[in-house]
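**Student:** Residue numbers (UniProt numbering): 1 to 121.
Printed below as a string of structure tokens:
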């Protein structure tokens, strides 16, 4: 007769048990929603809610500049930018700034190879 030894099953925490090293996740301050709610209550226009969201994730440099200009009059521009920086937004226009790979960049480069010579603008 051979004896089969089975390894113990790993313990799976239930809803009622919490490990000591599992603290509550840190509160993520998404864009200050209270600021947006206040602006809505006061009737102040918020461009990202009034325009198509695709405008703020445009591909062409001209469209990106247009989206940045829309943010110029936004009453929650500062909190939007702060939230995007905190979340490290991967791309798009947030708070009047362009994010590319989580970093604020000044301008969007057009598609294709860069020119070999400088162009007079």
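Using N, Cα and C, we set each Cβ at its ideal position, and we do this for glycine too.
The structure presented is a predicted model; accordingly, all values stated were derived computationally and were not measured.
(1) On the DSSP bridge assignment, give the partners of residue 92 in chain order.
(2) Please work out which residues of its chain come closer than 7 Å, Cβ to Cβ, to residue 56, disregarding the five sequence neighbours upstream and downstream, and give them in chain order.
(3) CB-CB under 7 Å to residue 36, same chain, minus the five flanking residues each way: which ones, in chain order?
(4) Hey, how far is the Cα of residue 154 from the Cα of residue 95?
(5) I think residue 97 touches residue 104, with their Cβ atoms under 8 Å apart; what is that distance to the nearest whole Å?
(6) Have a look at 63, 82 and 74 and flag the residue whose alpha-carbon is nearest the alpha-carbon of residue 44.
**Tutor:** In brief:
(1) 99
(2) 48, 67, 92 and 93
(3) 46 and 76
(4) What is shown of the chain runs 1 to 121, which leaves residue 154 out entirely.
(5) 5 Å
(6) 74
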